[in-house]
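FYI, in the working numbering the residues of the sequence shown are 7 to 269.
Quick reminder that beta carbons are idealized off the backbone N, C-alpha and C, glycines included.
The structure under discussion appears below in the form of structure tokens.
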Amino acid sequence: MIEKLIFVFILTMVIHTSETLSYAIRFAGVKLNKIAVALSLTGIIVLVSRTANLLQAPLTAKFVDFARSHPTFPLINYMRIILLASSVGTLIAIALFPTFVSVFSRIIAKLEVAGSIPKLISSVTVGQLKNTKYYLRKPAFSLYYFRYLGIPYRLIVMNVFVTAFYTVGVMASLYTAHLLPAFSTTASQASGIINGVATILLTIFIDPQLGLITDKALQHEQYRNQLGKVYVVLMTSRFVGTMMGQLIMIPAAYFIGTVVKLL
């Protein structure tokens, strides 16, 4: 099972790295004043994330099935390692953020010339791929970033909790299926109970605030470079949220179990 765990670990890293790097696309769009084009490219990120998730979710569920027939199997340890992969993936995205802002800025500019993503992909040459080394940028971070653009602390805190809920949603439901074999099918489909709370918080408190901050950067030239620091802060809060997921996974599993019994 170790080989499967390593594979799931890598897939989970890919999911969280790609999702977190969506900030790089947005920032590139803001810098070029082409946010609509940038947002259209986030579909690529979604495609990578969902493709990885197609394999990650059933493979993780297989650990639950294996634990059912092997009582000594350390399922909770496996799940914590998978959760750790989400933190590692987010850290990788933070490190790659400056580089990918440069890369996506170039992609957005080329997309305008090509006119479509298929034409853009077909126009890429080996030489251009080799030249990507010139877009490498060293990440930098400072606590002073929290003051940029007047980013409210409540937004950062809320982003931590939303990320924590999203990170543990599927894991908690699968662990509930392990804890309650009689309700295993229902529990395995109940991740929406946790993710639903995260979606509500995201829709009401985070997305509108982030939209206002982005709009402010679009309207005022002096704020555009500072917006990158805001995104670094938000990515850092995502990392903290993935770590918090380690703490709330078991309580979330018991919460789902309580709800499942009441259905």
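Asked: Between the CA atoms of L208 and V163 - distance to the nearest angstrom; Found: 12 Å
Asked: G217 versus L269: straight-line alpha-carbon distance, rounded; Found: 37 Å
Asked: The alpha helix (DSSP H) enclosing T23, as first and last residue numbers; Found: I8 to T26
Asked: The segment 241-257 touching the segment 159-176, judged by at least three CB pairs closer than 8 Å; Found: yes
Asked: Range of the contiguous alpha helix (DSSP H) that encloses F167; Found: Y159 to L185
Asked: Of the listed residues S111, I157 and K267, nearest to Y237 (C-alpha basis); Found: I157
Asked: Span separating the alpha-carbon of N39 from that of V239; Found: 22 Å
Asked: For R56, the nearest candidate out of V20, Y84 and Q232 (CA to CA); Found: V20
Asked: Cβ separation of L81 and F69, assumed to be a contact under 8 Å, to the nearest whole Å; Found: 6 Å
Asked: Which of helix, strand or coil DSSP assigns to Q195; Found: coil
Asked: Inter-stretch contact at 8 Å, needing at least 3 Cβ pairs: the segment 94-106 / the segment 23-40; Found: yes
Asked: At least 3 beta-carbon pairs within less than 8 Å: the segment 246-256 vs the segment 175-194; Found: yes
Asked: Cut-off 8 Å between Cβ atoms - residues of its own chain near Q252, not counting five sequence neighbours on either side; Found: R86, L89 and L90
Asked: Nearest-angstrom beta carbon gap, I114 and A34 [assumed within contact, 8 Å]; Found: 6 Å
Asked: CB-CB length for A173 against G95, believed under 8 Å; Found: This sequence places Thr at residue 173; Ala is not what is there. Incorrect: roughly 10 Å between the Cβ atoms, too far for contact.
Asked: A193 vs T182 beta-carbon contact at 8 Å; Found: yes
Asked: Contacting residues, own chain, Cβ-Cβ under 8 Å from T220 (five flanking each side not counted); Found: R32, V36, I41 and L233
Asked: Beta carbon of I262 nearer than 8 Å to that of I200; Found: yes
Asked: 8 Å contact criterion, which S111 and T248 should meet: CB distance rounded; Found: 27 Å between Cβ atoms; not a contact.
Asked: Extent of the continuous alpha helix (DSSP H) run through Q62; Found: I41 to S75
Asked: Nonlocal neighbours in the same chain, by C-beta distance under 7 Å from N59, ignoring five residues either side; Found: I21
Asked: Segment limits, alpha helix (DSSP H) that includes A223; Found: D213 to Q225
Asked: Which listed residue (M7, V265, S46 and T78) has its alpha carbon closest to that of G198; Found: V265
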